[in-house]
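Numbering (full-length UniProt numbering), first residue to last: 1 to 114. From the three backbone atoms N, C-alpha and C, an ideal C-beta is built for every residue, glycine too.
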């Protein structure tokens, strides 16, 4: 087996063991592949760095999760901004108490499993 064939077979094996669904369309050749991705569509970094900040900066009052806040935003944006600042000051600026760390040890042990 030459280097090119060995490399191709190694790459196919890596692909078959990943989040991709791989079908060999011709069993005698490894060059004809049908590949479908079944992993997550977005990475968490993208969600936290892009999606959530955009959602918070530009709320969509026409499709609200909180109808009262959406109504206030559409009627009086100034009052809405004051209320948001008040909520941030009261509920999002205080340190969070994590509780007893020993209770969470089972959960942290799970993250070591691969």
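Spatial neighbours of residue i within its chain, please: CB distance less than 6 Å, with the 5 preceding and 5 following residues excluded, ordered by chain position.
i: residue 7; result: none
If I follow the unbroken alpha helix (DSSP H) through residue i, where does it start and stop?
i: residue 87; result: 77-91
Please list, in chain order, all residues of the same chain as residue i whose beta carbon is under 7 Å from its beta carbon, the five residues on each side excluded.
i: residue 70; result: 61 and 64
What do you get for residue i, buried or exposed, if any count of 16 or more other CB atoms within 10 angstroms of its CB means buried?
i: residue 73; result: buried
Kindly list the residues whose CB is nearer than 8 Å to the CB of residue i, restricted to its own chain and excluding five residues on each side of it in sequence; keep chain order.
i: residue 14; result: none
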